[in-house]
Amino acid sequence: MSLFSHSVKCQRSKNQLYYRIYPKKGEIWAMYTNWNKNWKQSDYKNYQYRVVEILEDFSEASGARVARLVEVKGCMTFFQRHRHDGFELTRAVSKDEMLSFSHRIPAFIVPGIERYGIPESWIHLEPNALPPRSRN
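For the sequence shown, UniProt numbering assigns the number 1 to the initial residue and increments by one for each residue that follows.
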């Protein structure tokens, strides 16, 4: 993951010892699958990811709302929102689950791609920021 970098917006903690980085609406993030607050350092070695789009900014009261993204078949760097019976699947991520976010994945809407049969709803993700395929 060290092959890329991008700027992030953060909040300084009250005691100034650390920064808080919260996912923002419209960003794409990798989240640890099956994460829980009791994970130890060794649990991060056998991780799996899911890719999500942030639908609502984080708030202390309600956390954040996310939509799961799935890889478009045959297009390794294009993703779309996961649908089940015509409904987009979303979920709330509580304040206590915020450490389940791993890293932001830079994403782009590619203009003019519909002439190649690629709908504008598909999102191109930065390949170097994608989680390893063997763990997807």
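Where a beta carbon is used, it is the ideal one built from N, C-alpha and C, also for glycine.
Residue environment for F58: buried (at least 16 other C-beta atoms within 10 angstroms of its C-beta). Note on geometry: alpha-carbon atoms of N34 and G117 lie some 35 Å from one another.
Per the DSSP secondary-structure output, G63 pairs in a beta bridge with S59. Shown here for V72: same chain residues with a beta carbon closer than 7 Å to its own, the five before and five after excluded, namely F78, F79, Q80, W122 in chain order.
Burial is judged here by how many other beta carbons sit within 10 angstroms of a residue's own beta carbon; L130 has at least 16 and is buried. If you draw a 10 Å sphere on the C-beta of L99, you find fewer than 16 other C-beta atoms in it, and that means exposed. Counting C-beta atoms within 10 angstroms of its own C-beta, E114 has fewer than 16 neighbours from the protein chains shown and is therefore classed as exposed. Under the rule that a run must span 3 or more residues, the beta strand (DSSP E) segments found entirely inside the UniProt domain "DUF3444" (2–112) read 28–32, 49–59, 63–72, 75–81, 90–93, 101–104.
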